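First comes the structure, then the notes that go with it.
Number of protein chains: 2
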Amino acid sequence: MNRTPRERMVYSAAQLVRARGPAGIGVREIIEHAGAPRGSFQHYFPGGKDQLVGEAVLWAGDFAAQWVAHYPETTSGPTPSGLFAHMVKPWQDEFAKRGYERGCPVMASVADLGGTDAPQVQAALDRWEQAVTDELVRMGMSAARSRRLAVLMISTLEGAIMFARLRQDLTPLTTAVDTLSPALNP
Amino acid sequence: MNRTPRERMVYSAAQLVRARGPAGIGVREIIEHAGAPRGSFQHYFPGGKDQLVGEAVLWAGDFAAQWVAHYPETTSGPTPSGLFAHMVKPWQDEFAKRGYERGCPVMASVADLGGTDAPQVQAALDRWEQAVTDELVRMGMSAARSRRLAVLMISTLEGAIMFARLRQDLTPLTTAVDTLSPALNP
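Quick note, the sequences are listed as chains C and X, same order.
Mapping of the first sequence onto my numbering: residues 1 to 186, in sequence order.
Mapping of the second sequence onto my numbering: residues 187 to 372, in sequence order.
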C-alpha cells in the first residue's frame, strides 16, 4: 500500500491510540511512527492532536464496518452467531500474531473522555453498529432486534478484548464466542 | 465515612482514573482531589503514581466483588440473569444521578497499558471474576461453566458501560440486561 504522508499519520495515530489511548501519546511520536515530515503536521491537521486522533478513530470505525460487511462472502449459511465469530476473528489473529499491545481505539478513546463529547468517536461506533445491524436485518431479523443485538455483540466483543489484553490470553475471546451464541440465534 | 489521608488518596485516584485513565491524570491532581497534604504522597506511596493507581484499581476490584457477593441478600430467587441485572444496576444509578463522567477503572487502565504487565489490574479483574463465579456456583452451576459465564457477564457489562458513556444514554445497559438473558439462564 502506498499511503500519502497524511494517510500514514492517521494510520499511525490509530495504532498508537490502540496501544495507549489518546492521553498516553504525543504528536511528535505519531509523526515519527508515520515517518512523516515534522512540518507537515500543522498543514494537514490545523485542529491539532484532537483532529488527528478523531480522524484515526473514525478510520478504524470504517475499517470495522467494512469487515462486518464482508461477512456474507465468507459463508453460505450466515447466522448471527457466525457473524459474531467473524467479528472476533481478527482480534484472535492480531493477538496470536502480534501480541496484546493493541486494543480497540474506540474503547481507548472512551476511557480517556471524562464525560466530554466526542463526535468522531461516536460516529465511529455508530458506523460499526450500523454495519452489524444491517447484516442482521439481511438475515431476516427485525430492525429493532437487529439494533439491540448489535449493541450486545459489540459490547461483549469490547469487554472480551479488554479481558484478553489484560490476561494476555486468547481464551476470553473464545469464551465470548461460545457462550454468547444462545443469545444471538433465534 | 472518616477516611485517612492515605485512603482518600486511593479513593481520589480511583475516581480520576475512572474519568480519564491513568495516562490522563497527574499526582498533583490526585492530591488536590483528596485534600491531602502535599508532602504525604511520597511517604504513603514510595512507588509513586504507579503504586497509587495500582492500589486504586485493586480497591475498585474489591468494591465490585463485594457488590456481587451482596446479591443473594437482594432476592429470594437468585438466577444468573438476576445477578447480571444486579451487576449493571449501580452503573445505571451512577449515570442517571451523576452523569457519564466516570467509567470502569479496570477498562480505563487496560486501555493505557500498551501490552505491558499490570499485576494489580489483573488482580482486580481476578477478584471480580471470582466473585461472579462463586455466586453462579452457589446457584448450582458447574465451576467450569460458572467461570465462562463470569467472563461473558463482565465482558458484556464493560462494553455496555463504554457504549453508555459514549452515547450519554442508559439504553445500552438496559439492552445488555435484556438481550444477554438467554445466554445466562440454563
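Note that beta-carbon positions come from the ideal geometry of N, C-alpha and C, so glycine has one too.
Quantities reported herein were computed from a predicted structural model and do not represent experimental measurements.
query, result
"Any Cβ of chain X within less than 8 angstroms of the Cβ of Ser155(C)?", "yes"
"Alpha carbon to alpha carbon, what distance is there between Ser341(X) and Ala176(C)?", "8 angstroms"
"To the nearest angstrom, how far is the alpha carbon of Pro258(X) from that of Met327(X)?", "15 angstroms"
"Rounded to whole angstroms, what is the Cα-Cα separation between Ala209(X) and Ala310(X)?", "19 angstroms"
"How is His272(X) classed by DSSP in three states: helix, strand or coil?", "helix"
"Looking only at its chain, what residues have a beta carbon closer than 7 angstroms to the beta carbon of Thr75(C), apart from the 5 residues adjacent to it on each side?", "Gly82"
"Applying the 10 Å Cβ sphere with the 16-neighbour rule, what's the burial state of Gly99(C)?", "exposed"
"Less than 7 angstroms between C-beta atoms, sequence neighbours within five positions excluded: which residues of the same chain meet that for Asp248(X)?", "Arg313"
"Could one say the Cβ of Glu158(C) lies closer than 8 angstroms to chain X's Cβ atoms, at least one of them?", "yes"
"From Asp93(C), Val57(C), Ile31(C), Ala13(C), pick the residue whose C-alpha is nearest to that of Leu170(C); which is it?", "Asp93(C)"
"Output needed for Val196(X): all residues of its chain with C-beta closer than 6 angstroms, excluding positions within five of it in sequence on either side, in chain order.", "Glu241, Ala242, Trp245"
"Given this structure, state the Cα-to-Cα distance separating His219(X) from Ser198(X), to the nearest angstrom.", "6 angstroms"
"CB Ala65(C) to CB Ala131(C), shorter than 8 angstroms?", "yes"
"To the nearest angstrom, how far is it from the Cα of Pro291(X) to the Cα of Asp303(X)?", "16 angstroms"
"Give me the subset of the stretch 93–108 of chain C whose CB atoms are less than 8 angstroms from a CB atom of chain X, sorted by chain position.", "Gly99, Tyr100, Glu101, Arg102, Gly103, Val106, Met107, Ala108"
"Assuming Ala289(X) and Ala111(C) are in contact, meaning their beta carbons sit under 8 angstroms apart, how far apart are those beta carbons, in whole angstroms?", "Strictly speaking, residue 289(X) in this sequence is Gly, with Ala absent from that position. With a Cβ gap of about 7 angstroms, Gly289(X) and Ala111(C) count as contacting."
"Helix, strand or coil for Pro266(X)? Go by DSSP, reduced to three states.", "helix"
"Decide if Gln42(C) is buried, meaning its Cβ has at least 16 other Cβ atoms within 10 Å, or exposed.", "exposed"
"Using a 10 Å radius around the Cβ and a threshold of 16 neighbouring Cβ atoms, would you call Ala336(X) buried or exposed?", "buried"
"Contact criterion: CB-CB distance below 8 angstroms. Does Leu244(X) meet it with respect to chain C?", "no"
"Measuring alpha carbon to alpha carbon, tell me which residue in Gly26(C), Arg20(C), Gly21(C), Val53(C) is nearest Glu7(C).", "Val53(C)"
"Rounded to whole angstroms, how far is the Cβ of Val203(X) from the Cβ of Ser295(X), which I believe are closer than 8 angstroms?", "7 angstroms"
"Return no unless some Cβ of chain C is closer than 8 angstroms to the Cβ of Val307(X).", "yes"
"What first and last residue would you give for the alpha helix (DSSP H) that runs through Glu315(X)?", "305–324"
"Against chain X, which members of the stretch 76–89 of chain C pass a CB distance test of less than 8 angstroms?", "none"
"Taking C-beta to C-beta, are Gln308(X) and Leu184(C) nearer than 8 angstroms?", "no"
"Does Thr319(X) come within less than 8 angstroms of chain C when only Cβ atoms are used?", "no"
"Indicate the three-state DSSP secondary structure (helix, strand or coil) for Ala108(C) in the structure shown.", "helix"
"Taking Cβ-Cβ distances shorter than 9 angstroms, what residues in chain X pair up with Phe163(C)?", "Val296, Leu311, Glu315, Val337, Ile340, Ser341, Glu344"
"What first and last residue would you give for the alpha helix (DSSP H) that runs through Glu241(X)?", "234–255"
"Can you tell me which of Thr365(X), Gly263(X), Ala200(X) puts its alpha carbon nearest to the alpha carbon of Arg145(C)?", "Thr365(X)"
"On the criterion of 16 or more Cβ atoms from any shown chain inside 10 Å, does Thr190(X) qualify as buried, or is it exposed?", "exposed"
"List the endpoints of the continuous alpha helix (DSSP H) containing Asp178(C).", "171–184"
"So what does DSSP say about Thr342(X), is it helix, strand or coil?", "helix"
"Can you tell me which of Arg324(X), Gly207(X), Asn188(X) puts its alpha carbon nearest to the alpha carbon of Val254(X)?", "Arg324(X)"
"Do Arg38(C) and Ile31(C) have their beta-carbon atoms positioned less than 8 angstroms apart in this structure?", "yes"
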